[in-house]
Amino acid sequence: MPIPESEAFKAAKPTVPPTFDGVDYDDTKALKSAQDSVIREQWVQSMMARVLREELGKCYYREGVNHLEKCGTLREKYMELLKYSKVRGYRFEQENIVPREDSTLALQERFGGGKK
Numbered sequence: 145m146p147i148p149e150s151e152a153f154k155a156a157k158p159t160v161p162p163t164f165d166g167v168d169y170d171d172t173k174a175l176k177s178a179q180d181s182v183i184r185e186q187w188v189q190s191m192m193a194r195v196l197r198e199e200l201g202k203c204y205y206r207e208g209v210n211h212l213e214k215c216g217t218l219r220e221k222y223m224e225l226l227k228y229s230k231v232r233g234y235r236f237e238q239e240n241i242v243p244r245e246d247s248t249l250a251l252q253e254r255f256g257g258g259k260k
């Protein structure tokens, strides 16, 4: 059962998707909000990789010589997360057109910008 979100958490929760699509660069508040959301999403990805790496280390220690068989799913997830675990900043995405992946659709749905 998920933990209910408090009002303070909902107030601080970002409402802007982590992308610069449709951002008016003359509106400083909207631009800063987009920059913050891009950085926040990169930190979330980095922390997810860190937590998974810690779990993988625990699995390796717990399973011993059988870690190749028992920890395979964690290892595969970790290898996937390594692609996105670096905090790169927002300048490249802000100044260049970046080809979007399937993960963008998931982010749009997560932040309410997806097609219904």
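Counting from 1, position 65 in the sequence shown corresponds to residue 209 in the working numbering; the numbering is continuous, with no gaps. All residues carry an ideal CB built from backbone N, CA and C; glycine is no exception. Every value quoted in this text rests on a predicted model; they were computed, and no experiment measured them.
Alpha carbons only, please: which of the options is nearest the one belonging to residue i?
i    : options                   : result
I183 : D171, Y204 and P161       : P161
S181 : G208, L212, F164 and A193 : F164
F236 : T172, F153, Q179 and D170 : Q179
R194 : E239, P148, N240 and K227 : K227
M192 : E224, D170, P148 and I147 : E224
Measure the C-alpha to C-alpha separation of residue i and residue j and round it to an integer number of angstroms.
i    : j    : result
W187 : V231 : 6 Å
G233 : S190 : 12 Å
G216 : V167 : 41 Å
S150 : E185 : 21 Å
R197 : V209 : 18 Å
Y222 : Q238 : 28 Å
Using a C-beta cutoff of 7 Å, does residue i count as contacting chain D?
i    : result
V160 : Note that chain D does not occur in the displayed structure, where there is just one protein chain.
Is it buried or exposed for residue i, if we count other Cβ within 10 angstroms and need 16 for buried?
i    : result
E220 : exposed
L212 : exposed
K259 : Below a pLDDT of 50, predicted positions are generally treated as unreliable, and K259, at 48, falls in that range; the measurement from the model is reported next regardless. K259 should be labelled exposed.
Practice prompt. For the stretch 200-208 and the stretch 149-169, state whether three or more C-beta atom pairs, one from each stretch, are separated by less than 8 Å.
Written response: No, they do not touch.
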